[in-house]
Amino acid sequence: MKALSTYISGGGLLVLISASPVKAAENVHLHGTLVSEPCKIATQGDTLMADFGGVPDKYLYLNQRTHGQMLRVDLVDCNISISKSVKITINGIGNGKLPGLLALNQDSTATGILIGFESTEGQPLPLNEASNTFPLQNGASSLAIKTYIQAEPDALKNKTIGRGEFNAIATFRLDYP
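The C-terminal residue of the sequence shown carries number 798 in the numbering used here, and the numbering is unbroken.
Right under this line is the structure:
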């Protein structure tokens, strides 16, 4: 697997305080791997926003979740001789009530809901787990995923979905196998 990361290893660092001169041994070694990126993220593609607008709590009580909203990561200058596919990992803070879903930020006033991600075919994309591969094309490629609002089971059962504004933040990482 081609990795887009740098590895650093070092030995111990010893500091001596002395009145006499001391010659230091070479005890810090750094190494890494420079790799060629198969694609670049389009300038507008580094921030993805989903605005769910107003979602009535009654809708969630009836359906448990909203329909998915499309999010796209646009890639440019793809070279499939380097890699023919990409995996996306959505990283963020989850919630133990529904593993794999994104918790709301603490400044949100809405309660009892979480944010989920899925493929365009409806397959879950659990938080902090790499997706299946998406094929790349030479030149431009686009990764399409969906995001949705999911009601927490206890909030549904106890009718305690709290109305209000909400926001959540996640980051995405691309890996080229």
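Cβ coordinates follow ideal geometry from the N, Cα and C atoms, glycine included. The structure presented is a predicted model; accordingly, all values stated were derived computationally and were not measured.
For a cut-off of 8 Å, the C-beta gap from Leu757 to Lys705 is around 6 Å, short enough to register as a contact. Within a 10 Å sphere around the beta-carbon of Tyr797 sit 16 or more other beta-carbons, which makes this residue buried. About 6 Å separates the beta carbon of Leu722 from that of Gln771, a gap short enough to meet the 8 Å contact definition. Shown here, Asp728 sits in coil according to DSSP, grouped into three states, outside any helix or strand. Per the C-alpha coordinates, the member of Lys718, His688, Phe673 positioned closest to Ala776 is Lys718.
Thr710 places its beta carbon less than 8 Å from that of Phe793. When the five nearest sequence neighbours on each side are left out, the beta carbons in the same chain lying within less than 6 Å of the beta carbon of Glu773 are those of Lys718, Gly733, in order along the chain.
With at least 16 other beta carbons inside 10 angstroms of its own, Pro659 counts as buried.
Scanning its chain for C-beta atoms nearer than 8 Å, with the 5 sequence neighbours on each side dropped, one finds around Val676 the residues Thr687, Ile770, in chain order.
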